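**Student:**
Residue numbers (the numbering used here), protein chains in the order written: chain V, 1 to 110; chain B, 111 to 225.
What follows is the structure, encoded as structure tokens:
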């Protein structure tokens, strides 16, 4: 099982749609979880951290299910500018680097 | 404020040559990471520096790859005897350094093309 797995997509949705991405991770000892966004030919940038109780930032909601070892990202009212690749990120063993999933590509069309 | 910077932004080299890629992390960040990303692929972890600890080199793909971090700040990734499969974008990131679980801030990357 890969350490962090994501559905690569692409997810093609119209403006205004709600879209959800899921991610699973293999290390049950992981403590830190993030969603990063990467635009085409750009570097990844932090979208939001994921907290155990779930958290929301505007149109974006992140949830963590430790028992099932999965993380989700919900985007409501999609905008054209949301088109990007969304990377699920989990910390590895203590004192080591974060582990990135391969990303899920979202394309929002008008 | 100043983010992570990398140089050069683009590098074209011939197979067999050595290259050096530079990363300037955010001031005060004790952790520094190198990744590479091939076209259409995810990020591949290469090496991780945390303060004065021995670096985690577990991601380096071969002994042609090495990295150093001088004075706890600037880092240089060196690829010796480059091969065509080394062509990729090499990304550097830094973080405050909380046991590997804190937010990483990425530089714009160096696009390496090996002919």
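Here a beta-carbon is modelled for each residue, glycine too, at the ideal position from N, C-alpha and C. In this text the structure is predicted, and so the values were computed from the model without any measurement.
Could you say which of B:219, B:165, B:176 lies nearest to residue 142 (chain B) if we only look at CA atoms?
**Tutor:** It is B:165 whose Cα lies nearest to the Cα of residue 142 (chain B).
**Student:** What residue does the beta strand (DSSP E) around residue 179 (chain B) start on, and which one ends it?
**Tutor:** From DSSP, the beta strand (DSSP E) with residue 179 (chain B) extends over 175 to 179.
**Student:** If distances are taken between C-alpha atoms only, which option among V:63, V:9, V:55 comes closest to residue 107 (chain V)?
**Tutor:** Minimum Cα distance to residue 107 (chain V) is reached at V:9.
**Student:** Tell me whether residue 195 (chain B) sits in a helix, a strand or coil according to DSSP, three-state version.
**Tutor:** The answer is helix: DSSP assigns residue 195 (chain B) an H, G or I state.
**Student:** How would you label residue 67 (chain V), buried or exposed, when you count the other beta carbons within 10 angstroms and need 16 or more for buried?
**Tutor:** Exposed.
**Student:** In chain order, what residues of the same chain lie with their CB nearer than 8 Å to the CB of residue 113 (chain B), ignoring the 5 residues before and after it?
**Tutor:** For residue 113 (chain B), where only same-chain residues beyond five positions count, the Cβ hits under 8 Å are 136, 215, 217.
**Student:** For residue 14 (chain V), which beta-bridge partners are listed by DSSP?
**Tutor:** Its beta-bridge partners are V:109.
**Student:** Could you list which residues in chain V have their beta carbon closer than 7 Å to that of residue 218 (chain B), in chain order?
**Tutor:** The answer, in chain order, is 43.
**Student:** Under 7 Å between C-beta atoms, does residue 2 (chain V) make it to chain B?
**Tutor:** No, residue 2 (chain V) does not count as interfacial toward chain B.
**Student:** Along chain B, which residues have their Cβ under 7 Å away from the Cβ of residue 46 (chain V)?
**Tutor:** Ordered by position in chain B, the residues that pass the 7 Å Cβ test against residue 46 (chain V) are 213.
**Student:** Within 7 Å of any Cβ in chain V, is that where the Cβ of residue 175 (chain B) sits?
**Tutor:** False, the Cβ-Cβ gap to chain V never drops below 7 Å.
**Student:** Output the distance between the C-alpha atoms of residue 125 (chain B) and residue 48 (chain V), rounded to the nearest integer angstrom.
**Tutor:** Roughly 40 Å separates the two Cα atoms.
**Student:** Comparing C-alpha positions only, which one of B:163, B:168, B:155, B:128 sits nearest to residue 207 (chain B)?
**Tutor:** Of the candidates B:163, B:168, B:155, B:128, the one whose C-alpha sits nearest the C-alpha of residue 207 (chain B) is B:163.
**Student:** Decide if residue 12 (chain V) is buried, meaning its Cβ has at least 16 other Cβ atoms within 10 Å, or exposed.
**Tutor:** Its Cβ having fewer than 16 others within 10 Å, residue 12 (chain V) is exposed.
**Student:** Buried or exposed, going by whether 16 or more other CB atoms sit within 10 Å of the CB of residue 63 (chain V)?
**Tutor:** Classification for residue 63 (chain V): buried.
**Student:** Contact criterion: CB-CB distance below 7 Å. Does residue 60 (chain V) meet it with respect to chain B?
**Tutor:** So, not an interface residue.
**Student:** Report the neighbours of residue 143 (chain B) on chain V: residues whose CB is nearer than 9 Å to its CB, in chain order.
**Tutor:** Near residue 143 (chain B) (Cβ distances below 9 Å), the residues of chain V are 97, 98.
**Student:** Using the rule of at least 16 other Cβ atoms within 10 Å of the residue's Cβ for burial, across every protein chain shown, is residue 59 (chain V) buried or exposed?
**Tutor:** Flag for residue 59 (chain V) reads exposed.
**Student:** In chain B, which residues lie less than 8 Å from residue 134 (chain V) when you measure between Cβ atoms?
**Tutor:** Beyond the ends of chain V as shown, which are 1 and 110, falls residue 134 (chain V); an answer cannot be given.
**Student:** Within the same chain, show all residues whose beta-carbon is closer than 6 Å to that of residue 130 (chain B), passing over the 5 residues directly before and after it, in chain order.
**Tutor:** Cβ neighbours of residue 130 (chain B) beyond the five flanking positions: 186, 188.
**Student:** Can you tell me which of B:156, B:196, B:138, B:176 puts its alpha carbon nearest to the alpha carbon of residue 226 (chain B)?
**Tutor:** An answer regarding residue 226 (chain B) cannot be provided, because it is not within the stretch 111 to 225 covered by chain B.
**Student:** Check each candidate in B:161, B:184, B:153 and name the one with the smallest Cα separation from residue 115 (chain B).
**Tutor:** Looking at the Cα atoms, B:184 is the closest of the given residues.
**Student:** Please state the DSSP three-state secondary structure of residue 74 (chain V).
**Tutor:** Residue 74 (chain V) falls in the strand class under three-state DSSP.
**Student:** With distances taken Cα to Cα, identify the nearest neighbour of residue 33 (chain V) among V:84, V:3, V:40, V:110.
**Tutor:** Of the listed residues, the one whose Cα sits closest to residue 33 (chain V) is V:3.
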